[in-house]
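Top to bottom, those sequences are chains A and B.
In terms of full-length UniProt numbering, the first sequence is residues 1 to 276.
In terms of full-length UniProt numbering, the second sequence is residues 1 to 331.
Glycine included, C-beta positions come from ideal geometry on N, C-alpha and C.
Accompanying notes for the structure given below.
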Amino acid sequence: MSRAITPQAKAINTGLAWSVALLIAFPILWTVLTSFKPEPQAVASPPIFLGFDWTIQNYIDVQDQRAYFRYFVNSVVISIGSTLLGLIIAIPAAWSMAFVPGARTKDLLMWMLSTKMMPAVGVLVPIYLIFIRLGLLDTRIGLTVVLMLINLPIIIWMLYTYFKEIPADILEAARMDGAGLREEILYVLTPMAVPGIASTVLLNIILAWNESFWTINLTTVNAAPLTAFIAGFSSPQGLFYAKLSAASTMAIAPILIMGWFSQKQLVRGLTFGAVK
Amino acid sequence: MGQITLKAVRKSFGEVHVIPGVDLEIADGEFVVFVGPSGCGKSTLLRLIAGLEDTSAGQIMIDGKDATALPPARRGLAMVFQSYALYPHMTVRKNIAFPLKMAGLSEAEQAKKVDAAAAVLNLTAYLDRRPGQLSGGQRQRVAIGRAIVREPSAFLFDEPLSNLDAALRVTMRQEISELHQTLKTTMIYVTHDQVEAMTMADKIVVLNAGRIEQVGSPLDLYRAPDNLFVAGFIGSPKMNFIEGAEAARHKAHTIGIRPEHIGVGSGNWEGTVLLSEHLGSDSFIKVDVDGIGIINVRAGGELGIHHGNRIRLAPDADKIHRFDQAGKAIR
Chain A
1 MSRAITPQAK AINTGLAWSV ALLIAFPILW TVLTSFKPEP QAVASPPIFL
51 GFDWTIQNYI DVQDQRAYFR YFVNSVVISI GSTLLGLIIA IPAAWSMAFV
101 PGARTKDLLM WMLSTKMMPA VGVLVPIYLI FIRLGLLDTR IGLTVVLMLI
151 NLPIIIWMLY TYFKEIPADI LEAARMDGAG LREEILYVLT PMAVPGIAST
201 VLLNIILAWN ESFWTINLTT VNAAPLTAFI AGFSSPQGLF YAKLSAASTM
251 AIAPILIMGW FSQKQLVRGL TFGAVK
Chain B
1 MGQITLKAVR KSFGEVHVIP GVDLEIADGE FVVFVGPSGC GKSTLLRLIA
51 GLEDTSAGQI MIDGKDATAL PPARRGLAMV FQSYALYPHM TVRKNIAFPL
101 KMAGLSEAEQ AKKVDAAAAV LNLTAYLDRR PGQLSGGQRQ RVAIGRAIVR
151 EPSAFLFDEP LSNLDAALRV TMRQEISELH QTLKTTMIYV THDQVEAMTM
201 ADKIVVLNAG RIEQVGSPLD LYRAPDNLFV AGFIGSPKMN FIEGAEAARH
251 KAHTIGIRPE HIGVGSGNWE GTVLLSEHLG SDSFIKVDVD GIGIINVRAG
301 GELGIHHGNR IRLAPDADKI HRFDQAGKAI R
């Protein structure tokens, strides 16, 4: 028996959904609004919602103080670089765990996930010292490797879950049909796994883009990404809310735009394993 | 050609010996059915022949050549899976053409063979659809199409009909039998359904716990089962087994009598009807026979017998099967 949805119920549900969505999006919305306010109005009490003197001066100031584009490039290089590097390691790892599992595969997967439960600050000092020794401090390559390593368990888990969904029968059918390992991967496995790989890539780029603990602690100038760019506006000359908001808006805009256009893939990625 | 010989083939997963040792000869063009209960090793045996599992010991010969170490692709066999295992991202045409593409045939040759196979299997109208847009029966036909285009030396079927509904299963069963008549290629068919085994096979291989219990034609197995397991597994409804005094009277530990070999109305056995099912063509009657126990009887369709009636039964003396203490048939 299907439940009938009355127009009133639908209206209430829609209203509720919008309220929750607004509540979640409000901090971002407020940040964006604040970025267009003159500094005094940004801290006015009671707060001014829309009736302020709109200005783009904050953006100009932020760009003058720190070259945005350099941070942006660092963010792109580090997030995409760490994702691609992660895929190179994770695809073969997930393949073997999904299709030729050993007796300890499940333990290995749990162990990898358990590393994500450890507070990052616990290994900050050793990693910092290693970075100094290897001359990796404030380098893109160093940061790319660290971000790849911290996200690797998630990449492997996601790919593993996707690969597990590919029925072994289909791969065996390909083998019976005369496909070697190369043809099997090229013509059967990869086309079937593409949506999963795409979701993994998108999610990982976002995770790497937003990562702030390692990016702020291991960089100063050369390799600093947008997270460090925002942090740079939070202290030295006292708190300037409007400028900080402008910097934040500039930092999150690219990833928000990317997220908006890849919503479908992302939802699939975030609910992996949950929906069959 | 499609002659397959298994010599002392064994398969173990760690400590578990799934196939403790099987010897089997399959002649060219034969329709062989592996039948047995779940977990009896019939699918594993098929996968060993296909090369999808490695043998732990023994030898698999295909057309006189040792194929034990050959990868699946080089054994010249085609397989139809229970789940159909179609490539979901490819159209029907590409699915059927895939083995031809792997074999390096030109596009023109591929198209010719795909069209021919599609015509045989009534798939011409669906060639540009994807598997997701087809019904269960159509998907099964595509899977068969993908197998026949390769012109393999033998077809392997792994419970191909178990995902279909009852009516479609009967139709597909007939289609596969007709296909065998046309192609005259060796077919090895795995099923747990003894009706499929009886109706399709030239030769049935009854498996139990990885061992071959008996090999023979459907009627051989029905008429002269080697042991209790085969006697109980082949035939529907199941054979009645009787121990004790009645068995001793026949100089056996256990005697077996099929439900269809018991006459109703007269005879030495008397009992109370516990249940009677009237199917129209047949009646299945469950009787508690005095001094013997529960006996199932298959009788004529329009019998006026109901729950609680007292009836007399006459087992056909020529059709009584005798077994010794170890369960072996006494002949």
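Check, Outcome
"Checking 9 Å against the spacing of the C-beta atoms, do I144 of chain B and F34 of chain B come in under that value?", "no"
"Shortest alpha-carbon distance to A113 of chain B belongs to which of B:P88, B:R141, B:R150 and B:Q133?", "Sequence inspection shows Lys at residue 113 of chain B; the Ala mentioned does not correspond to that position. Nearest option by C-alpha distance: B:R150."
"Between the C-alpha atoms of A179 of chain A and V142 of chain B, what's the straight-line distance to the nearest angstrom?", "18 Å"
"Could you name the residues that DSSP lists as bridge partners for E277 of chain B?", "B:F284"
"At what residues does the beta strand (DSSP E) containing G300 of chain B begin and finish?", "G293 to G300"
"Whose C-beta lies closer than 6 Å to the C-beta of Q41 of chain A among residues of the same chain, with five residues either side of it excluded?", "I48 and F52"
"How would you write the range of the alpha helix (DSSP H) that P195 of chain A sits in, first residue to last?", "T190 to N210"
"Who are V9 of chain B's beta bridge partners in DSSP?", "B:V22"
"Roughly how many whole angstroms lie between the Cα atoms of N240 of chain B and L48 of chain B?", "35 Å"
"Using a Cβ cut-off of 9 Å (strictly closer), state whether L108 of chain A contacts chain B.", "no"
"Taking 7 Å as the limit between beta carbons, can you name the residues of its chain near R298 of chain B, skipping five residues before and five after?", "P237, P259, E260, D282 and F284"
"Under 9 Å between C-beta atoms, does G196 of chain A make it to chain B?", "no"
"So with Cβ pairs under 9 Å, would you call E165 of chain A a contact of chain B?", "no"
"Using the Cβ count rule (16 or more neighbours within 10 Å means buried), how would you classify residue 341 of chain B?", "It is not possible to answer for residue 341 of chain B, since the shown part of chain B is limited to 1 through 331."
"Which residues in chain A sit within 7 Å of P99 of chain B, going by Cβ to Cβ distance?", "D177 and G178"
"Using DSSP's beta-bridge definition, name the partner residues of G7 of chain A.", "A quick correction: the sequence has Pro, not Gly, at residue 7 of chain A. Partner(s): none; P7 of chain A has no beta bridge."
"Return the CA-CA distance between V194 of chain A and L84 of chain A, expressed in angstroms with no decimal places.", "15 Å"
"Measuring CB to CB, does G58 of chain B end up less than 9 Å from T68 of chain B?", "yes"
"Under a Cβ-count criterion, where at least 16 other Cβ atoms within 10 Å of its own Cβ denotes burial, should P160 of chain B be classed as buried or exposed?", "buried"
"With DSSP as the reference, please indicate the residues paired to Y189 of chain B in a beta bridge.", "B:V33 and B:F157"
"Name the chain A residues whose beta carbon is nearer than 8 Å to that of L52 of chain B?", "E172, R175 and M176"
"Going along chain B, which residues have a C-beta under 8 Å from V188 of chain A?", "Y87"
"Would you identify the three-state DSSP class for E183 of chain A, choosing helix, strand or coil?", "helix"
"Buried or exposed: which applies to W269 of chain B, given that a residue is buried once 16 or more other Cβ atoms fall within 10 Å of its Cβ?", "buried"
"Please work out which residues of its chain come closer than 6 Å, Cβ to Cβ, to A173 of chain A, disregarding the five sequence neighbours upstream and downstream, and give them in chain order.", "none"
"Which whole-angstrom value is the C-beta distance of A242 of chain A and S35 of chain A, which I expect to be below 8 Å?", "6 Å"
"Considering only residues of the same chain and omitting the five flanking positions on each side of M192 of chain A, which have a CB-CB separation below 8 Å?", "I166 and I170"
"Provide the residue span of the alpha helix (DSSP H) that contains P126 of chain A, from first to last.", "L124 to L134"
"Quick one: list the residues of chain A neighbouring P72 of chain B, beta-carbon separation under 7 Å, in chain order.", "R175 and M176"
"Taking all protein chains shown into account, decide if D165 of chain B is buried (16 or more other Cβ within 10 angstroms of its Cβ) or exposed.", "exposed"
"Please report the Cβ distance between I234 of chain B and V205 of chain B, rounded to the nearest whole angstrom; I am assuming they are in contact, meaning their Cβ atoms lie under 8 Å.", "Their Cβ separation, rounded to whole angstroms, is 12 Å, which puts I234 of chain B and V205 of chain B out of contact at 8 Å."
"From which residue to which residue does the beta strand (DSSP E) around E165 of chain A run?", "From DSSP, E165 of chain A is part of no beta strand (DSSP E) but of the alpha helix (DSSP H) over R140 to E165."
"Smallest Cα separation from S212 of chain A: which of A:K264, A:P101 and A:G232?", "A:G232"
"Alpha carbon to alpha carbon, how far is M118 of chain A from V145 of chain A?", "18 Å"
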